[in-house]
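Residue numbers (our numbering): 1 to 379.
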């Protein structure tokens, strides 16, 4: 067996120690993520290639066990208990067979989703508590498509999927609907998906916290309270436009949330002072001349050609020299020197897509910690 590179291991240990110390003194998210990244590299350096492949081979088993544990409400029972409990205790609480529960617990303990206390008792930890959160368990509907994707690639002769209505999801579920049409037709999956999206955004800074809204938008707003100020295109739950509303409660102009009918007609929006418009991004944009058209985490879901279609629909309604297009997406971190060229390359791709649709890039805004950036464009 090939021996690990001891010099690399020693170097990684020093790098991890430095990142942890920086995190300790600065509470920097970048330092924390750097320590995590290097820790994973250290784990990889210590692990043999064969062991890594075997671990990957068994990874679907881990997902299966976590799902079964979740479905049996074992995570809930552990979090509810204030002390370590045995498989027998969990069986009495959930109705599952003690032997099956013991087997499940052994696996979830081995991957740190629960804590094992002694030989036969278990208690919850941070991962267990997160699994009780509905927002973190939206893996039922997309998991089958992930496992079917190799079959999809083989049957399509390994061509890059360009049509958003003929991808792995459609192949898996024998459907001709786009992913979002399929979600709209399956309310249970729709609710889980949006819960997952909201969970993914939990803890992130809102764009209004770091983009210069007053300087770039409000100071030069020439409309009245009846004119559109911001259109949040495909804005989901509306959390970003609501964040704007909280931050700038006296800003004039209409705040408009656009998304598919199944989203904007959800009971979640009852009582919220938002103007909601049912809208499909592949149809003409109904709101003319808004100060801002805002797209967050939307375009990465589509091919370049479909991105151009979406952007052209917006560009046709923008007022030249006044309307702004703000695109918030994840980009390679400018703090990571290894990814600097990747970031530049990514920006050039976006510039090309933007120009083909009409708008021109003004500036690129980047938050100080690991996270998304904003492309600002105008006609």
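Cβ coordinates follow ideal geometry from the N, Cα and C atoms, glycine included.
Per DSSP, cross-strand counterpart(s) of residue i
i: residue 330; result: 372
i: residue 354; result: Its beta-bridge partners do not exist; DSSP assigns none.
i: residue 182; result: Answer is none; residue 182 lacks a bridge partner.
i: residue 85; result: 122
i: residue 106; result: Answer by DSSP bridge pairing: none, since residue 106 is not bridged.
Cβ-based burial, residue i [other Cβ within 10 Å; buried from 16]
i: residue 69; result: buried
i: residue 53; result: exposed
i: residue 337; result: Note that residue 337 has pLDDT 45, beneath the 50 cutoff, so the model's placement of it is unreliable and the number below is only indicative. With fewer than 16 Cβ atoms within 10 Å of its Cβ, residue 337 is classed as exposed.
i: residue 228; result: buried
i: residue 8; result: exposed
i: residue 163; result: exposed
i: residue 105; result: buried
i: residue 258; result: buried
i: residue 169; result: buried
i: residue 97; result: exposed
i: residue 381; result: Given that the chain is displayed from residue 1 to residue 379, the structure contains no residue 381 and the question cannot be resolved.
i: residue 66; result: buried
i: residue 224; result: exposed
i: residue 327; result: buried
i: residue 58; result: exposed
Boundaries (first-last residue) of the alpha helix (DSSP H) holding residue i
i: residue 128; result: 126-132
i: residue 150; result: 143-155
i: residue 242; result: 239-247
i: residue 113; result: Segment: none, residue 113 is in no alpha helix (DSSP H) and carries neither H nor E.
i: residue 305; result: 304-315
i: residue 224; result: Run containing residue 224: none; DSSP gives neither H nor E here.
i: residue 296; result: Note, residue 296: premise wrong, no alpha helix (DSSP H); beta strand (DSSP E) at 292-296.
i: residue 32; result: 29-46
CB contact check: residue i to chain C, cutoff 8 Å
i: residue 249; result: Reference to chain C is not applicable here, since this structure consists of a single protein chain.
Residue i and residue j closer than 8 Å at C-beta
i: residue 195; j: residue 262; result: no
i: residue 292; j: residue 230; result: yes
i: residue 286; j: residue 329; result: no
i: residue 128; j: residue 114; result: yes
i: residue 121; j: residue 91; result: no
i: residue 42; j: residue 12; result: yes
i: residue 123; j: residue 78; result: yes
N- and C-terminal bounds of the beta strand (DSSP E) containing residue i
i: residue 228; result: 228-233
i: residue 23; result: First-last for residue 23: 6-26, but that is the alpha helix (DSSP H), not the beta strand (DSSP E).
i: residue 360; result: 360-366
Residue i: CB within 7 Å of a non-hydrogen atom of the ligand HEM
i: residue 217; result: As presented, the structure is devoid of all ligands, the ligand HEM included, so that no description of it is given.
Nearest-angstrom beta carbon gap, residue j and residue i [assumed within contact, 8 Å]
i: residue 45; j: residue 4; result: 6 Å
i: residue 379; j: residue 350; result: Actually they do not touch by this definition, with Cβ atoms about 16 Å apart.
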